[in-house]
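Trainee: Following this message is one structure expressed as structure tokens.
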Amino acid sequence: MDEFDGIREREEGKKKMPLGMLVLFLGLILCGLVYLYSFSPQTSGWTQTGQYEAQVKAREAALAGKTGAEVHVETEHEQMAAAEKGKEIYLAECAGCHGEKLEGGIGPSLKGPKFKYGPTLEDHARIIAKGTGEGMPGFEQALGKEKVRSVAAYIHTTHRH
-2 MDEFDGIRER EEGKKKMPLG MLVLFLGLIL CGLVYLYSFS PQTSGWTQTG QYEAQVKARE
58 AALAGKTGAE VHVETEHEQM AAAEKGKEIY LAECAGCHGE KLEGGIGPSL KGPKFKYGPT
118 LEDHARIIAK GTGEGMPGFE QALGKEKVRS VAAYIHTTHR H
């Protein structure tokens, strides 16, 4: 069979792996063992359960520093009532820049569903209260927290449905 196509193979190299392949093979095995040792829970101590528990503790600690009013979660009915109040405040204070129907004007559209600073009610309230560095002034001093929250609820309910 060796003589069929006129090409002769060297007998001495048939059974040896080339040195480069041997080094690569042994290097991959070594890297795999180091990886397994470094990232196994027995040696590193990291587990998904531990990660979750740390996040829960951090969240509880963050909530412990807040007052009861800040932690209060609104019901759907409370949020809709706040949105009705927020619509009146919006028309009086915000419509000049953002349009009567949240379509935008001097300021950007507030119809969503995508918002540059976040789509949640808390994001809206934070931006209304503190403003942005891009021309939106903060209204927390002028309106107060309750009115800011009402306007945020109005914006949030219009793009949520």
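FYI, this note's numbering numbers position 116 of the sequence shown as 113, with every residue one higher than the one before it. Note that CB positions come from ideal geometry on N, CA and C, so glycine has one too. Nothing here was measured: the structure is a model prediction, and the numbers come from that model.
Counting beta carbon pairs with one atom in the region 70 to 85 and one in the region 122 to 137, are three or more of them shorter than 8 Å?
Mentor: no
Trainee: Thr64: buried (16+ other C-beta within 10 angstroms of its C-beta) or exposed?
Mentor: Numbered from its first residue, the sequence shown carries residue 64 at position 67. Confidence is the limiting factor: at Thr64 the pLDDT is only 47, short of 50, which leaves the residue's position unreliable, though a coordinate-based value still follows. When all chains shown are included, Thr64 counts as exposed.
Trainee: Go ahead and label Tyr34 buried or exposed: buried means 16 or more other beta carbons lie within 10 angstroms of its beta carbon, across all protein chains shown.
Mentor: Working through the sequence shown from its first residue, we reach residue 34 at position 37. So Tyr34 counts as exposed.
Trainee: Check for me: the alpha helix (DSSP H) holding Asp120 runs from which residue to which?
Mentor: Position 123 of the sequence shown holds residue 120. Leu118 to Lys127 is the extent of the alpha helix (DSSP H) around Asp120.
Trainee: State the CB to CB distance for the pair Thr44 and Lys108, rounded to an integer number of angstroms; the pair is presumed to be in contact (CB under 8 Å).
Mentor: The residue labelled residue 44 in the question sits at position 47 within the sequence shown. The residue labelled residue 108 in the question sits at position 111 within the sequence shown. So it is not a contact: roughly 44 Å between Cβ atoms.
Trainee: So Leu33 is in the alpha helix (DSSP H); what residue range does that whole segment cover?
Mentor: Residue mapping note: residue 33 aligns to position 36 of the sequence shown, counting from 1. Membership of Leu33 in the alpha helix (DSSP H) is indicated by the continuous run Leu16 to Phe36.
Trainee: For Ala139, count neighbouring Cβ atoms within 10 angstroms of its own Cβ and tell me buried if that reaches 16, exposed if not.
Mentor: Within the sequence shown, residue 139 is the residue found at index 142, counting from 1. Exposed, by the Cβ-count rule.
Trainee: Distance, Cα to Cα, Arg123 vs Gln76?
Mentor: Indexing the sequence shown from 1 puts residue 123 at position 126. Indexing the sequence shown from 1 puts residue 76 at position 79. So the alpha carbons of these two residues sit roughly 17 Å apart.
Trainee: Answer with buried or exposed for Tyr87, where buried requires no fewer than 16 other C-beta atoms within 10 angstroms of its C-beta.
Mentor: Residue 87 sits at position 90 when you count from the first residue of the sequence shown. Classification of Tyr87: buried, given that the 10 Å Cβ count is 16 or more.
Trainee: Let me know the secondary structure DSSP gives Met77 once reduced to three states.
Mentor: Within the sequence shown, numbered from 1, the residue matching residue 77 stands at position 80. Met77 falls in the helix class under three-state DSSP.
Trainee: Report the rounded CA-to-CA distance for Glu100 versus His74, giving the unit in angstroms.
Mentor: Translated into positions along the sequence shown, residue 100 becomes position 103. Translated into positions along the sequence shown, residue 74 becomes position 77. Each residue's Cα considered, the two are about 26 Å apart.
Trainee: Cα separation between Gln39 and Pro15?
Mentor: For this step, residue 39 is matched to residue 42 along the sequence shown. For this step, residue 15 is matched to residue 18 along the sequence shown. About 37 Å.
Trainee: Cα separation between Ala61 and Arg146?
Mentor: Numbered from 1 along the sequence shown, position 64 holds the residue referred to as residue 61. Numbered from 1 along the sequence shown, position 149 holds the residue referred to as residue 146. Those two C-alpha atoms are separated by around 21 Å.
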